[in-house]
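A.B. asks: Structure provided below as structure tokens; questions to follow.
There are 2 protein chains.
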Amino acid sequence: MVKPSLQAIAEQVGVSTATVSRALNDRAGVHPDTRAEILRIARELGYTPSVAAKSLATARTFTLGLVTYQQQPQPISSYHTHIVQGIDLEARQRGYHVITTFVDGEMMSDALRMPIFTESRVDGLILVGPALEASFIIQLYTSHVPILLVDNLLSETNIDAIVCDNVGGTYEITQHLIDVHGLHKLVFFSGPKDWFSSRERRLGYEQALAEIGESPRVIYMPDTTVNMGSKALLQALDHYPDMQGIVAVNDATAVGAIRACKENGIDVPHQLAVVGFDNVAWGPLHEPPLTTVRMFKQELGIQAARHLIDMIERGPSPGFQLRLGTELIIRESCGCPPSEEMVFPDQGS
Amino acid sequence: MVKPSLQAIAEQVGVSTATVSRALNDRAGVHPDTRAEILRIARELGYTPSVAAKSLATARTFTLGLVTYQQQPQPISSYHTHIVQGIDLEARQRGYHVITTFVDGEMMSDALRMPIFTESRVDGLILVGPALEASFIIQLYTSHVPILLVDNLLSETNIDAIVCDNVGGTYEITQHLIDVHGLHKLVFFSGPKDWFSSRERRLGYEQALAEIGESPRVIYMPDTTVNMGSKALLQALDHYPDMQGIVAVNDATAVGAIRACKENGIDVPHQLAVVGFDNVAWGPLHEPPLTTVRMFKQELGIQAARHLIDMIERGPSPGFQLRLGTELIIRESCGCPPSEEMVFPDQGS
DNA sequence: ATGCCCCGTGTAAGCGCTTACAATTAAGAT
DNA sequence: ATCTTAATTGTAAGCGCTTACACGGGGCAT
Numbered sequence: 026m027v028k029p030s031l032q033a034i035a036e037q038v039g040v041s042t043a044t045v046s047r048a049l050n051d052r053a054g055v056h057p058d059t060r061a062e063i064l065r066i067a068r069e070l071g072y073t074p075s076v077a078a079k080s081l082a083t084a085r086t087f088t089l090g091l092v093t094y095q096q097q098p099q100p101i102s103s104y105h106t107h108i109v110q111g112i113d114l115e116a117r118q119r120g121y122h123v124i125t126t127f128v129d130g131e132m133m134s135d136a137l138r139m140p141i142f143t144e145s146r147v148d149g150l151i152l153v154g155p156a157l158e159a160s161f162i163i164q165l166y167t168s169h170v171p172i173l174l175v176d177n178l179l180s181e182t183n184i185d186a187i188v189c190d191n192v193g194g195t196y197e198i199t200q201h202l203i204d205v206h207g208l209h210k211l212v213f214f215s216g217p218k219d220w221f222s223s224r225e226r227r228l229g230y231e232q233a234l235a236e237i238g239e240s241p242r243v244i245y246m247p248d249t250t251v252n253m254g255s256k257a258l259l260q261a262l263d264h265y266p267d268m269q270g271i272v273a274v275n276d277a278t279a280v281g282a283i284r285a286c287k288e289n290g291i292d293v294p295h296q297l298a299v300v301g302f303d304n305v306a307w308g309p310l311h312e313p314p315l316t317t318v319r320m321f322k323q324e325l326g327i328q329a330a331r332h333l334i335d336m337i338e339r340g341p342s343p344g345f346q347l348r349l350g351t352e353l354i355i356r357e358s359c360g361c362p363p364s365e366e367m368v369f370p371d372q373g374s
Numbered sequence: 026m027v028k029p030s031l032q033a034i035a036e037q038v039g040v041s042t043a044t045v046s047r048a049l050n051d052r053a054g055v056h057p058d059t060r061a062e063i064l065r066i067a068r069e070l071g072y073t074p075s076v077a078a079k080s081l082a083t084a085r086t087f088t089l090g091l092v093t094y095q096q097q098p099q100p101i102s103s104y105h106t107h108i109v110q111g112i113d114l115e116a117r118q119r120g121y122h123v124i125t126t127f128v129d130g131e132m133m134s135d136a137l138r139m140p141i142f143t144e145s146r147v148d149g150l151i152l153v154g155p156a157l158e159a160s161f162i163i164q165l166y167t168s169h170v171p172i173l174l175v176d177n178l179l180s181e182t183n184i185d186a187i188v189c190d191n192v193g194g195t196y197e198i199t200q201h202l203i204d205v206h207g208l209h210k211l212v213f214f215s216g217p218k219d220w221f222s223s224r225e226r227r228l229g230y231e232q233a234l235a236e237i238g239e240s241p242r243v244i245y246m247p248d249t250t251v252n253m254g255s256k257a258l259l260q261a262l263d264h265y266p267d268m269q270g271i272v273a274v275n276d277a278t279a280v281g282a283i284r285a286c287k288e289n290g291i292d293v294p295h296q297l298a299v300v301g302f303d304n305v306a307w308g309p310l311h312e313p314p315l316t317t318v319r320m321f322k323q324e325l326g327i328q329a330a331r332h333l334i335d336m337i338e339r340g341p342s343p344g345f346q347l348r349l350g351t352e353l354i355i356r357e358s359c360g361c362p363p364s365e366e367m368v369f370p371d372q373g374s
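What follows is the structure, encoded as structure tokens:
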């Protein structure tokens, strides 16, 4: 049983392939009756279009490229996984595939040579995360493909972007430490200065501190891994011995900080509160369970795919920007009491 | 600047497109000099083939499908992520894309209607995990596409499969509990009876127990989530009050068990040792750090992609089976002392 | 020399779809 | 009754690649 083509439908119905094509693609100028009949037969035959032929004829690939910074030995972070899940979900619904590429810091400049960027392998590109170099992004932008930033923003340009409300989220969690727990001496653990999300989160933290007249204390880290969080805590101990709480730029570094606390006999949260940002899956399992800011990663992905496809199909929309809300997740690392119910995601094999 | 086609190269070199095609595809019957010249010009022009045209002409899609069971509200587990990473890596190298589909238990029967399964959207399918229904797999097998199982095996059939050494891994970790820690009263937490990996891991456990003349004690769980691990522990407490250790079928349930221990005032590992299987990223961060069996997930993915592509390009190889080794990861939940060095994977945003 | 075979290359027919343009028809305007 | 015009449909030319087949020209045996 061979796969039915447009031709097959055309013969069955007694029209030309042109008409069938028009009918199937919702194009105007087909008689309603004809269209109905074509759709009926198409369904009956179990017709599915040949993506290849469609691609060839339209010079479109119906493929989205996903580009992500990847520190080489590291595994893909769960952070990306969720975004990818969202992208994939939406893309498939609209008839697109997604191919993923990881770009290493070292080869950022070579990366443009990768087949995915070679014109006409993808219809558009989603660039995820704050770690991709600006120059790299701009090169891509000034080439031919539509691109969209997720969880990143290049303010000098007007490249479309979808981000979460970093400022608001960090503001809220900092305020929680201040208002509920009465902690005023707070230190912010930031990622690299030029990372968009780090910058914004620091802003939220500073804003909350400004309201109580405290001056900000920031420690900058070259990356945002667990180990770096531990190192940062040691530094903080040195610089700010009177600190009462840490607002970490993400969960990984928060966990690292807590780890260092344990090694140094500091009780979290009673001697030092530590909160993160991300709401990683194992946050509730951690000891103490991690207070954090939830970002709607899957939604981020869905919106990204949706907008990119809109760009592709309906033309560019320079300066488009979407900002998703966040949710404060109170657990125990801030000093709050245990709550009854807990959800544990992530299953195994 | 328009993308150069075969035609362009042909004109430059002064040959026909047929010859160019042959040269570029390493096909025989092209004069070495001609071939060299063609390759030179192709590089010079920055030629990249049009996947679409190639697809159309060869009736191949150069796309691999990845199918995974996904309990709907759950996020993608990190378990899959690593396998995917491996598959993606290898596939891209060989010029293939990967598209992913998640199949829900409810819609397993409808799933066959999904576009990805409709003939000619993919050249082959990789089915990951033990939770996909056998009937579903067999339907796929008896249709047209080459398929390959990862971390699963249908013994009645001879569908190709790549698995890790579940038996050996669990045998080794059980033996560690017995030999090093002198624990003999061990309970195995199993996933569903018909899951391949659960069955094999149980075997490894039983084998180790048999050697010291102990009879196996197994608790079957309907799924392998953290929460289920907690429930299982409660059952185990009831049935086997004298138990000294738990061998869990995976890390998630091990963690769940430990959680339940904490709630019931049982000290892990001193009153009860608990070990898992998987080596999830946050294992070293857990309290106590998780002793577990490492499976080489990325390698699993690489091998899977490699073999599937071989099947596609060189024809089927019924009954192919590859078994990857495992590695015992000793941390503290078995009762071993803390070790100095620890690695924390997973970074944040 | 003549015939054969093989090597290297060209010719051209698709693969399944889209789409500019032409053709047909019916309806409305005069 | 004739001319426009719009609605519907058909015709056919690609999109860039592969590949069966044809073709020409040595080299070799005879």
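Chains as they are written, first to last, in our numbering: chain A, 26 to 374; chain B, 26 to 374. C-beta atoms are modelled at their ideal positions from N, C-alpha and C, and glycine is treated no differently. Please read all numbers here as calculations on a predicted model, not as lab measurements.
For D113(B), would you say it is in contact with chain A, using Cβ-to-Cβ distances shorter than 9 Å as the test?
C.D. replies: Yes - at least one Cβ of chain A is within 9 Å of the one on D113(B).
A.B. asks: Measuring CB to CB, does T199(B) end up less than 9 Å from Y166(B)?
C.D. replies: Contact: no.
A.B. asks: On the three-state DSSP scale, how would you describe G340(B)?
C.D. replies: Three-state DSSP puts G340(B) in coil, outside helix and strand.
A.B. asks: Taking only beta-carbon positions, decide if H201(A) is within less than 9 Å of chain B.
C.D. replies: False, the Cβ-Cβ gap to chain B never drops below 9 Å.
A.B. asks: My output table needs one value for R68(B): the three-state DSSP class, helix, strand or coil.
C.D. replies: Of the three classes helix, strand and coil, the one that applies to R68(B) here is helix, per DSSP.
A.B. asks: Give, in chain order, every residue of the region 65-80 of chain B whose Cβ lies closer than 9 Å to some Cβ of chain A.
C.D. replies: The region 65-80 of chain B vs chain A, Cβ under 9 Å: G71, T73, S75, V76, A77, A78, K79, S80.
A.B. asks: Please name the residue or residues paired with H122(A) in a DSSP beta bridge.
C.D. replies: The partner list for H122(A) (beta bridge, DSSP) reads T88(A).
A.B. asks: With DSSP as the reference, label I198(A) as helix, strand or coil.
C.D. replies: Three-state result, I198(A): helix.
A.B. asks: Give me the Cα-Cα distance between G373(B) and V55(A), rounded to the nearest whole angstrom.
C.D. replies: With a pLDDT of only 45 at G373(B), under the threshold of 50, the placement of this residue in the model should not be trusted, and no figure is reported.
A.B. asks: When DSSP labels each residue in this structure, what does E352(A) get in the three-state scheme?
C.D. replies: Strand.
A.B. asks: Which of helix, strand or coil does DSSP assign to I271(A)?
C.D. replies: Correct three-state label for I271(A): strand.
A.B. asks: Run through chain A and tell me which residues come within less than 7 Å of E312(B), C-beta to C-beta.
C.D. replies: Those within 7 Å of E312(B) in chain A are E312.
A.B. asks: Counting only beta-carbon atoms, is V40(B) nearer than 9 Å to chain A?
C.D. replies: No, V40(B) does not count as interfacial toward chain A.
A.B. asks: Report yes if the C-beta distance between H206(B) and G360(B) is below 9 Å; otherwise report no.
C.D. replies: In this structure, G360(B) lies closer than 9 Å to H206(B) by Cβ.
A.B. asks: Any Cβ of chain B within less than 9 Å of the Cβ of T93(A)?
C.D. replies: False, the Cβ-Cβ gap to chain B never drops below 9 Å.
A.B. asks: Determine which residues of the region 260-284 of chain B have a Cβ less than 8 Å from any Cβ of chain A, and write them out in chain order.
C.D. replies: Per Cβ criterion, the list reads V274, N275, D276, A277, T278, V280, G281, R284.
A.B. asks: Using a Cβ-Cβ cutoff of less than 6 Å, which residues in the same chain neighbour L185(A) once the five nearest sequence positions on both sides are dropped?
C.D. replies: First, the amino acid is wrong: residue 185(A) is Asp here, not Leu. So the list reads L173, F345, once near-sequence residues are dropped.
A.B. asks: Considering just the uninterrupted stretch of the beta strand (DSSP E) at C189(B), what are its terminal residues?
C.D. replies: 186-189 is the span of the beta strand (DSSP E), which, as asked, contains C189(B).
A.B. asks: Spell out whether any CB of chain A is found under 9 Å from the CB atom of Q372(B).
C.D. replies: Note that Q372(B) has pLDDT 44, beneath the 50 cutoff, so the model's placement of it is unreliable and the number below is only indicative. Yes, Q372(B) lies at the interface with chain A (some Cβ there is under 9 Å from its Cβ).
A.B. asks: Buried or exposed: where does P313(A) fall if 16 or more other Cβ atoms within 10 Å of its Cβ makes it buried?
C.D. replies: Per the 10 Å Cβ criterion, buried.
A.B. asks: Mind pulling the chain A residues with CB within less than 9 Å of H209(B)?
C.D. replies: None at all; the shortest Cβ gap to chain A is about 26 Å.
A.B. asks: For a contact meaning CB atoms closer than 7 Å, what does S215(B) contact in chain A?
C.D. replies: Within 7 Å Cβ-Cβ: nothing; S215(B) doesn't reach chain A, min ~12 Å.
A.B. asks: Do G157(B) and V123(B) have their CB atoms nearer than 9 Å?
C.D. replies: The amino acid occupying residue 157(B) in the given sequence is Leu; Gly does not appear at that position. No, these two residues do not count as a Cβ contact at 9 Å.
A.B. asks: Measure the alpha-carbon distance for R60(B) versus N191(B) and round it to whole angstroms.
C.D. replies: Cα to Cα, the separation comes out at about 49 Å.
A.B. asks: Looking only at its own chain, which residues have a Cβ that is under 7 Å from the Cβ of S342(A), when we skip the five neighbours before and after it?
C.D. replies: Excluding positions up to five away in sequence, the list reads D185, M336.
A.B. asks: On the three-state DSSP scale, how would you describe L258(A)?
C.D. replies: Here L258(A) sits in helix by DSSP.
A.B. asks: Report yes or no: do three or more beta-carbon pairs, one from the region 304-312 of chain B and one from the region 252-269 of chain B, lie closer than 8 Å?
C.D. replies: Not touching, per the Cβ criterion.
A.B. asks: Can you pull the chain B neighbours of R146(A), defined as C-beta to C-beta under 8 Å?
C.D. replies: Per Cβ cutoff of 8 Å: T73, V76.
A.B. asks: Quick one: is A298(A) buried, meaning 16 or more other Cβ sit within 10 Å of its Cβ, or exposed?
C.D. replies: By the 10 Å Cβ count, A298(A) comes out buried.
A.B. asks: Answer with buried or exposed for R68(A), where buried requires no fewer than 16 other C-beta atoms within 10 angstroms of its C-beta.
C.D. replies: Per the 10 Å Cβ criterion, exposed.
A.B. asks: Got a sec: is the Cβ-Cβ distance from I163(B) to anything in chain A below 9 Å?
C.D. replies: Cβ-Cβ to chain A under 9 Å: no for I163(B).
A.B. asks: Which one or two residues does DSSP pair with I151(A) in a beta bridge?
C.D. replies: According to DSSP, which records beta bridges pairwise, I151(A) is partnered with L91(A), L173(A).
A.B. asks: Express the C-alpha separation of Q118(B) and L89(B) in angstroms, rounding to a whole number.
C.D. replies: Spanning the two alpha carbons is a distance of roughly 13 Å.
A.B. asks: Are the Cβ atoms of T250(A) and S223(A) separated by less than 9 Å?
C.D. replies: Against a cut-off of 9 Å, the Cβ pair of S223(A) and T250(A) comes out as no contact.
A.B. asks: So the candidates are F321(B), M320(B), K28(B); which of them puts its Cα closest to the Cα of S168(A)?
C.D. replies: Considering only alpha carbons, the answer is K28(B).
A.B. asks: Beta strand (DSSP E) containing F213(B): first to last residue?
C.D. replies: Segment 211-215, the beta strand (DSSP E) holding F213(B).
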